[in-house]
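Enquirer:
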Amino acid sequence: YCPPGLWGRSGHVQTVTYGLLGHASLKRVFDRRCAVRLGDGSTVTFDVFDPIKKHESGRDIILALTPGIANCSESNYIRTCVHYAQERGYRCAVLNHLGALRNVKLTGNRIFTYGGTEELNAMMNQLMRDYPNSYFINIGFSMGANITSRFLTQVTEEQR
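Add 8 to the 1-based position in the sequence shown for my numbering, that's all there is to it.
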C-alpha cells in the first residue's frame, strides 16, 4: 500500500485544512438567534436555521442539535450538518453552549457544564412553544451526545 500524497499520509492534515478553510458553500448566518433566561441568571442562546425546501413528508421536522465540548452553531462540523439537513427539508436548532460564542456575554456566574441539561431543556421548551405542530429529533455530537442522552431520560410527558 502506498498512501496518496499529502492527503493520504495523515488525517491531521485534512482535519486542520477543513478547520481553517471550512466548506466554502456553507451558509454562515443563522435565520434567528433566540435567547432564554434561566433561573440562575444565565442566558441560553440557540440559533434556528430554516429549511431550504419543504420536507418530503410535508411535515415540519426540527433537528435539535447539541454540539460537542465548547462548540456552537458557528463550528464547521455543525454548519456542515445544518447545511445538508436544510437541503433535505429540515429546520435546525443549534444549542450554543454557555461561553462558547465570543460575541455573546455571559449573564450568569457559570459556563456550560458536562451532563447539565438545563440549557438543552430551556431550548427544547422554547422550541415547543414556538413550533407546537413540529416533530423533533434530538442529535448530540461527542459530549453533546451525553447531554442529549441525559436530557432524553428526563423529558416530561408534555415534551414527548
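Glycine included, every Cβ here is placed at the ideal spot set by N, Cα and C. Values in this document were obtained by computation on a predicted structure and should not be read as measured data.
If you drop the 5 nearest sequence neighbours on each side, which residues of the same chain put their C-beta closer than 6 Å to that of SER150?
Expert: These residues qualify, in order along the chain: GLY76.
Enquirer: What separation, rounded to the nearest whole angstrom, lies between the Cα atoms of ASN117 and THR125?
Expert: Roughly 17 Å between the two C-alpha positions.
Enquirer: Do ALA72 and ALA101 come within 7 Å of each other at the CB atom, strictly closer than that value?
Expert: Cβ atoms of ALA101 and ALA72: closer than 7 Å.
Enquirer: Using beta-carbon positions only, say whether GLY97 and PRO140 come within less than 7 Å of one another.
Expert: It is not a contact, given that the beta carbons lie outside the stated cut-off.
Enquirer: Would you list, in sequence order, the uninterrupted alpha helix (DSSP H) runs of no fewer than 4 residues that lie entirely inside the region 125-161?
Expert: As far as the region 125-161 is concerned, its whole alpha helix (DSSP H) runs of at least 4 residues are 126-138.
Enquirer: Can you tell which of ARG168, GLN167, LEU135, GLU165 has its C-alpha closest to the C-alpha of ALA43?
Expert: Answer by Cα proximity: LEU135.
Enquirer: Please state whether the Cβ-Cβ distance between VAL38 and PHE54 is less than 7 Å.
Expert: In the sequence as displayed, the identity of residue 38 is Phe instead of Val. Cβ distance not < 7 Å, so PHE38 and PHE54 don't count as in contact.
Enquirer: Using only CA atoms, which one of MET131, CYS80, GLY47 lies nearest to ALA108?
Expert: When only C-alpha atoms are compared, the closest one is CYS80.
Enquirer: On the DSSP letters alone, give me the boundaries of the alpha helix (DSSP H) that ALA93 sits inside.
Expert: Element bounds for ALA93: 84-95.
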